[in-house]
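Below is one structure, written out as structure tokens; comments come after it.
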Amino acid sequence: MNGQTKILKDLDNVEFVVLDPMMKKLFPIPDDYVDAVFSFGLLHWSSHPKEIIKECSRVLKSKGIFMTVTQVKRDEETHLTMGDVLLKIIGGNRYYTKSEIKGFLTEAGLTDPTIFLSYMITARKT
């Protein structure tokens, strides 16, 4: 880019799409179409996290990467936490444990799930 910085939305090969978090309809994107999917703070708001991740996997090309950021509970936190209560008060669904998130990713055909301390989660489509 000749030393110039471009805003992500101005790149030729980047598209932003607003999708239905209630999953009443599939994403209007063809199968195996995108190199990467990034979802920021969506999974804990939707009551359909499995379906969202499956749709993200469907539209990813082989070797594509899925990235998301969402609050994650430790596996041993099976009780209601203050975060769960706050999320319900402001209208969200729930936080998921690391095991649940990894299960959603694996079930959707994504591999190498990694959950970072920052709640960034990545996985790849095989």
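Heads up: the sequence shown runs through residues 65 to 190, numbered per our numbering.
C-beta: ideal position from N, C-alpha, C; glycine also.
Following the continuous beta strand (DSSP E) through residue i, name the residue where it begins and the one where it ends.
i	result
THR132	124-133
THR178	174-179
Which residues in the same chain as residue i place their Cβ atom closer than 8 angstroms to its Cβ, once the five residues preceding and following it in sequence are excluded?
i	result
ARG188	LYS127, GLY128, ILE129, PHE130, LEU174, THR175, ASP176
GLY155	TRP109
Looking only at C-alpha atoms, which of the options sits nearest to residue i?
i	options	result
GLU171	GLU119, PHE102, ASP95, VAL98	GLU119
PHE180	VAL136, TYR159, ASP148	VAL136
GLY147	GLU140, ARG158, ASP139	ARG158
LYS88	LEU150, GLU115, SER182, ILE165	GLU115
LYS166	ARG138, PRO85, ALA100	ARG138
PRO85	VAL78, SER111, ILE71	SER111
Short of 6 angstroms in beta carbon distance, which residues of its chain neighbour residue i, apart from the five on each side in sequence? Order them along the chain.
i	result
SER103	THR132
Write down the C-beta distance between residue i and residue j rounded to the nearest angstrom, noting that I regard them as a contact closer than 8 angstroms.
i	j	result
PHE80	ILE117	19 angstroms between Cβ atoms; not a contact.
LEU75	VAL98	Contact flag wrong, Cβ pair sits at about 14 angstroms.
TYR160	PRO113	7 angstroms
THR145	TYR183	No, THR145 and TYR183 are not in contact; Cβ-Cβ is about 14 angstroms, not under 8 angstroms.
THR186	THR178	5 angstroms
Only counting the same chain, and skipping five residues up and downstream in sequence, which positions put a Cβ closer than 7 angstroms to that of residue i?
i	result
ARG195	Absent from the model: residue 195. The displayed extent of the chain is 65 to 190, so no value can be given.
If we require 3 or more residues per run, which beta strand (DSSP E) segments fall completely within the stretch 73-121?
Annotation note: the stretch 73-121 contains the following uninterrupted beta strand (DSSP E) runs of length 3 or greater, listed N- to C-terminal: 98-104.
Can you check the stretch 136-168 for any alpha helix (DSSP H) of at least 4 residues that lies completely inside it and give the ranges in chain order?
Unbroken alpha helix (DSSP H) runs of no fewer than 4 residues, entirely contained in the stretch 136-168, are found at 146-153, following chain order.
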